[in-house]
Amino acid sequence: MISVIVPIYNERETIRPLFEKIREVLTRLETPWEAIFINDGSSDGSTEELNELATAHPQLRIIHFRRNFGQTAAMMAGFDYALGSVIIPMDGDYQNDPEDIPKMLAKLDEGYDVCSGWRKDRQDHALQRNFPSILANLLISFVSGVRLHDFGCSLKAYRSEVIKGVRLYGEMHRFLPIYTSWHGAKITEVPVNHFKRKSGKSKYGLERVLKVLFDLLVVKFLDAYALKPMYLFGLCGFFSLGLSGLFAVWAISLRLFFHVFFIKTPLPLMTVFTLMMGIICILMGLLAEMITRTFYESQNKPIYLIRETRNLVPTHSEISDVTQKRETL
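If you want the working numbering, it's the position in the sequence shown, counting the first as 1, plus 135.
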């Protein structure tokens, strides 16, 4: 089965034509499919439009969030409820072309686990969107080691086994190929169509560049130090302690050999400051180790709240919870 995931936030005018195109393409493939549209707290009538479509088309599953949780949370909900062996997320503004889905599936048939879309001829504002995107993609590729031209393209195809174990937070959806590479996934990319936005307005601006930099810092930390944060904090701590010792020796040497009093040099203050920083870093490392263990040993909790669903099959965990409650009663 193929599962297509579409986050929706105030995209009422594009919902129906986008679904009709998805239905046309997937029906042509003669493969079981489902489309999961996640309403991320829309306020423009998208809710009514989605419910009307779901009534007429049982293959369309709808998830309505109680409020706007963001694109990452919407995609995470789609991954949680998708039943397909292949999961394909795409934007709800109809800038992605469903006609690209068959060639992405063909790449998976060649043995790849992830096929990423590359908006080679991107139809967005050159200064506000395209140029910052090029710089961001170069930086992400350099830092992560995953070589892709377009991390920001939502249209991608994943084998479910490499995506089901991934948990996303914040604005991390653009780094999904990096997460899957940690699970040993084979990744490729294909050029895809990109349409000009016909209705609504973009939810992103230049401030997204700063968010990408912050998220990239988090991804790099998770890649190198998620399981052993003490390595990072401890390294910083011992470096600060080393500086503290160096400043102390310097200050004492000035006093003994050059008769420079402590009050005439900032070295004693720098000694105390770097000593405190070193101790704080080491203590933070120990605290991070405790938090890491708590995170991996605690129950997985969703990052979204669902108000209602339509034509949706419950997850295995929900079925298990209901079974336990019945046995308790």
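We treat Cβ as the ideally placed atom computed from N, Cα and C, and that holds for glycine.
Computed from a prediction, not measured in an experiment: that's the story for all the values here.
Apart from the five residues just before and just after residue i, which ones in its own chain have a Cβ nearer than 6 Å to its Cβ?
i	result
Ala209	Pro142, Ile173, Asp175
Val384	none
Ser251	Leu283, Lys291, Pro312, Glu324
Arg309	Phe286, Gly287
Thr444	Ile198
Asp253	In the sequence under discussion, the amino acid at residue 253 is Trp, which differs from the Asp named in the question. The answer, listed in chain order, is His284, Asp285, Glu324, Pro326.
Phe382	Leu402, Met405, Thr406
Leu464	Unreliable positioning characterises Leu464 in this predicted model, as indicated by a pLDDT of 46, which lies under 50. A coordinate reading is not provided.
So for residue i, helix, strand or coil by DSSP?
i	result
Phe286	coil
Ala359	helix
Arg294	strand
Arg390	helix
Asn272	helix
Thr463	With a pLDDT of 49 at Thr463, under the threshold of 50, the modelled position of that residue is not reliable, and no figure is offered here.
Pro167	coil
Glu443	strand
Phe382	helix
Phe408	helix
His308	helix
Val354	helix
Phe396	coil
Phe172	strand
Arg158	helix
Val139	strand
Leu303	coil
Thr266	Residue identity differs from the one stated: residue 266 is Phe in this sequence, not Thr. It is helical.
Phe368	helix
Phe373	helix
Check for me: the beta strand (DSSP E) holding residue i runs from which residue to which?
i	result
Pro224	221-224
Trp217	Residue identity check: residue 217 is Ala in the sequence provided, not Trp. Premise fails: Ala217 is in no beta strand (DSSP E) and is neither H nor E.
Between which two residues does the alpha helix (DSSP H) containing residue i stretch?
i	result
Pro401	Looking at the DSSP string, Pro401 is not in any alpha helix (DSSP H), and its letter there is neither H nor E.
Thr190	181-191
Pro326	Note, Pro326: premise wrong, no alpha helix (DSSP H); beta strand (DSSP E) at 322-326.
Ser433	Careful: Ser433 lies outside any alpha helix (DSSP H) and carries neither H nor E.
Pro237	236-244
Just mark residue i as buried or exposed, buried being the case when its beta carbon has 16 or more other beta carbons within 10 Å.
i	result
Thr149	buried
Ala386	buried
Tyr216	buried
Ala271	buried
Ala170	buried
Pro364	buried
Leu345	exposed
Phe293	Note that residue 293 is Tyr in the sequence shown, not Phe. Flag for Tyr293 reads buried.
Leu351	buried
Gly219	buried
Val354	buried
Gln465	Here the chain has residues from 136 to 464 only, and residue 465 is not among them.
His394	exposed
Which same chain residues, not among the five before or five after residue i, have their C-beta less than 8 Å away from its C-beta?
i	result
Leu441	Per the sequence shown, the amino acid found at residue 441 is Ile instead of Leu. Excluding positions up to five away in sequence, the list reads Ile198, His199, Phe200, Arg201, Ala212.
Asn145	Ser177, Ser178, Asp179, Ser181, Gly335
Residues in the same chain with beta-carbon distance under 7 Å from residue i, minus the five sequence neighbours each way, listed in chain order, please.
i	result
Lys399	none
Val281	Pro312, Ile313, Ser316, Ile322
Leu243	Val221, Cys250, Ala292, Arg294
Three CB pairs or more closer than 8 Å across the segment 264-272 and the segment 316-325: no
For the segment 412-430 against the segment 350-369, are there 3 or more C-beta pairs whose distance is under 8 Å? yes
For the segment 143-163 against the segment 184-202, do three or more pairs of beta-carbon atoms, one drawn from each stretch, fall closer than 8 Å, so that the two count as touching? yes
Check whether the segment 226-236 touches the segment 157-164, taking contact to mean three or more Cβ pairs, one atom from each stretch, closer than 8 Å. yes
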